[in-house]
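Written out below as structure tokens is the structure these notes cover.
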Amino acid sequence: MLETIIKMWNKYSYVYISGLTGTLCLAAITVLCGTLIGIVLAVMRLSRVKPLQWLVRFYVWVLRGTPILLQLYFFWIFLPRITGINIPDSTCIIIALIVNASSYVAEVIRAGIQAVDKGQTEAARSLGMTGVHTMTRIILPQAVKNILPALGNEFITMIKQASLASVFFINELTTSYKTVASATFRQVESIIIAGLIYLLVTTVLGRILALVEWRMNANER
Amino acid sequence: MSGNQNETKPMIHVENLKKSFGKLDVLQGITETIFEGEVVSVIGPSGGGKSTFLRCLNLLEAPTDGKVFFRGTDITDKSVNIDQFRQKMGMVFQNFNVFPHLKVIDNITITPVLEKKMPRAEAEALACQLLDRVGLLDKKDEYPGKLSGGQKQRLAIVRALAMEPDVMLFDEPTSALDPEMVKEVLNVVRDLANQGMTIVIVTHEMGFAREVSDRVFFIDNGIIQEKGTPEELFTSPKHQRTIEFLGKVL
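Going line by line, the protein sequences match chains G and U. Note that our numbering gives residue 41 to position 41 of the first sequence, counting from 1, and the numbers run on in steps of one. Heads up, our numbering is the position in the second sequence plus 1000, with the first residue counted as 1.
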């Protein structure tokens, strides 16, 4: 079987590499946009304006309480219908993934900020530091240490979740497996190749993440 | 200790100060004045309201009712920029609350540079001078994680002093310290008192309170049950609650 796998890789590596590129792009775009929206959501959630808090809580409640695949279907059907224009499948799926990621990221950021000891805020305010400076100079730099590793994990999660886009035949790694499998009729081998690539990428990223985390905490040791 | 002619000038005045947390009335109406140059110790049982009293003085805790005056200005007034007044009231916490992501020297310089627009070089010179005063100059480029509890608390004190406050509020500054480190922190507080700094200190160190204070407040059940000079309060307490409390701790 190993021989078959090597042969298949030699012949179809370009399909997998193109799929991997798609996956990484999907994950990067999703996490990037999801983070930007997530920051806004987290700020709303932590604001003193009750309706904003409720809105975010509702948003997070719906998105975390329903399966992501269902959400992908929803956006795939819903977006073209309400806008009345012919939106490409990939756009619908990217939007759905971003919306889903934003709800998770919002919680990660909120938790990261709230995990900073309340005494830090008190100390800064007691010195006469303004609320804005307290947030930007004291709380956020410490919150980032809580948030960044979680965001990195979110990126790794997205790499795996992007495989759901294969249902809609969007170019990514799991779709590559389907392509290769239907061309070669070798299901198992083509799955194994895709799986190995996933493992390689998630392991390497996990290691990089651990290293970054370690470096970031250097001054607390 | 540092009694002088300034003592007639009020520094902080609170009027009918009340604070409730939900149904719990922690402060039940305190009217009191802290005078310039005075050292006031606040003692009393846990949960009696002494920390809340202290935290209301710089509005870290917003009073439910009543007013706080700082040098004649009502700082509970909504139009007051509270940050300006907090700069004048240094505070030191039980848990130090030093900034772990900043080097020792940056812990001290960040607020003067940001909020008082002090030139960085000037702030650093001031910080070095203050660090030297408390014997931490050699630690200036360390992160606080490398410091002992006593060192962290000394850092927290000079961080507050760098804002050149008119009064220092200490909230049980030695309660989280190992016994052998209590002294080094109390020595710093004592030096401050001897230099004429106005001080309000919530403490369980009765010996220290007795030695260093001009006046002592005994707070329980949300009011000042008894106050007086250390002599009056420690040797001839009048109120039943004070007698019971001192009987337990002395």
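All C-beta atoms in this analysis are idealised placements derived from N, C-alpha and C, irrespective of residue type, glycine included.
Residues that residue 1065/U bridges to, as DSSP identifies them
For the purposes of this step, residue 1065/U is taken as the residue at position 65 of the second sequence. Answer is 1018/U.
Could you tell me whether any non-hydrogen atom of the ligand ATP is closer than 7 Å to the CB of residue 1124/U?
As far as ligands go, the structure on display features none, and thus does not contain the ligand ATP.
With a CB to CB cut of under 8 Å and the five nearest residues on each side skipped, what residues in its chain are close to residue 31/G?
One-based indexing of the first sequence puts residue 31/G at position 31. Within the same chain, residue 31/G has close Cβ partners 101, 105, 151, 154, 155 and 158.
What runs of the alpha helix (DSSP H), each 4 residues or longer, lie entirely inside the stretch 33 to 106 of chain G?
50 to 65 and 68 to 83
When you compare only the Cα positions, how much space is there between residue 1220/U and residue 1226/U?
Translated into positions along the second sequence, residue 1220/U becomes position 220. Translated into positions along the second sequence, residue 1226/U becomes position 226. Whole-angstrom Cα-Cα distance: 9 Å.
Shorter than 8 Å from the beta carbon of residue 1003/U to some beta carbon of chain G?
In the second sequence, counting from the first residue as 1, residue 1003/U sits at position 3. Low confidence applies here, because residue 1003/U scores a pLDDT of 46, under 50, leaving its location unreliable; read the following figure in that light. For residue 1003/U, the closest Cβ of chain G is not nearer than 8 Å.
Using the C-alpha atoms, what's the distance from residue 1207/U back to residue 1068/U?
Walking along the second sequence from the start, residue 1068/U turns up at place 68. Walking along the second sequence from the start, residue 1207/U turns up at place 207. Approximately 30 Å between the Cα atoms of the pair.
Look at residue 1099/U and residue 53/G and say whether their C-beta atoms are less than 8 Å apart.
Start at 1 with the first residue of the second sequence, and residue 1099/U comes out as number 99. Start at 1 with the first residue of the first sequence, and residue 53/G comes out as number 53. For residue 1099/U and residue 53/G, no; Cβs fall outside 8 Å.
Where the stretch 99 to 132 of chain G meets chain U: residues whose CB sits under 7 Å from a CB there
119, 120, 122, 123, 125, 126, 127, 128, 129 and 130
Spatially closest choice to residue 92/G from 146/G, 76/G, 122/G and 27/G, by CA coordinates
Start at 1 with the first residue of the first sequence, and residue 92/G comes out as number 92. Out of 146/G, 76/G, 122/G and 27/G, 76/G has the C-alpha closest to the C-alpha of residue 92/G.
For residue 137/G, go through chain U and note every residue whose CB falls closer than 8 Å to its CB, in chain order.
Taking the first sequence and counting its residues from 1, the one referred to as residue 137/G is at position 137. Under the 8 Å cutoff, chain U gives 1110 and 1114.
Could you give the first and the last residue of the continuous alpha helix (DSSP H) run that contains residue 1247/U?
As a position in the second sequence, residue 1247/U is number 247, starting the count at 1. Start and end: 1240 to 1249.
May I ask you to report which of helix, strand or coil DSSP gives residue 1141/U?
On the second sequence, position 141 is the one that residue 1141/U refers to. Coil, per DSSP.
Apart from the five residues on each side of it in sequence, which residues of its chain come closer than 7 Å, Cβ to Cβ, to residue 1019/U?
Stepping through the second sequence from its first residue, residue 1019/U is reached at position 19. Excluding positions up to five away in sequence, the list reads 1026, 1027, 1052, 1056, 1061, 1063 and 1064.
Mind checking if residue 53/G is an interface residue toward chain U, Cβ cutoff 8 Å exclusive?
Here the question's residue 53/G lines up with position 53 in the first sequence. So no, residue 53/G is outside the interface.
Within chain U, the residues that residue 142/G reaches when beta carbons sit closer than 9 Å
In the first sequence, the residue the question calls residue 142/G occupies position 142. The answer, in chain order, is 1099, 1100 and 1101.
In this structure, does DSSP put residue 216/G in helix, strand or coil?
Numbered from its first residue, the first sequence carries residue 216/G at position 216. Here residue 216/G carries a helix assignment [DSSP, helix/strand/coil].
Can you find a C-beta in chain G that's less than 8 Å from the C-beta of residue 1077/U?
Numbered from its first residue, the second sequence carries residue 1077/U at position 77. In terms of beta-carbon proximity, residue 1077/U stays away from the interface with chain G, with every pair separated by 8 Å or more.
For the candidate residues 1223/U, 1169/U, 1239/U and 1230/U, whose alpha-carbon lies nearest to that of residue 1200/U?
Numbered from its first residue, the second sequence carries residue 1200/U at position 200. Closest in alpha carbon position to residue 1200/U, among 1223/U, 1169/U, 1239/U and 1230/U, is 1169/U.
Residue 1083/U versus residue 127/G - alpha carbon distance
Counted from its first residue, the second sequence places residue 1083/U at position 83. Counted from its first residue, the first sequence places residue 127/G at position 127. Distance between the alpha carbons of residue 1083/U and residue 127/G: 8 Å.
Identify the contact partners of residue 1060/U in chain G, using a Cβ-Cβ distance below 8 Å as the criterion.
Translated into positions along the second sequence, residue 1060/U becomes position 60. Ordered by position in chain G, the residues that pass the 8 Å Cβ test against residue 1060/U are 122, 125 and 126.
Spell out the partners DSSP gives residue 1089/U in its beta bridges.
Indexing the second sequence from 1 puts residue 1089/U at position 89. DSSP output for residue 1089/U lists 1167/U as bridge partner(s).
Beta carbon of residue 190/G nearer than 8 Å to that of residue 198/G:
Position 190 of the first sequence holds residue 190/G. Position 198 of the first sequence holds residue 198/G. Contact: no.
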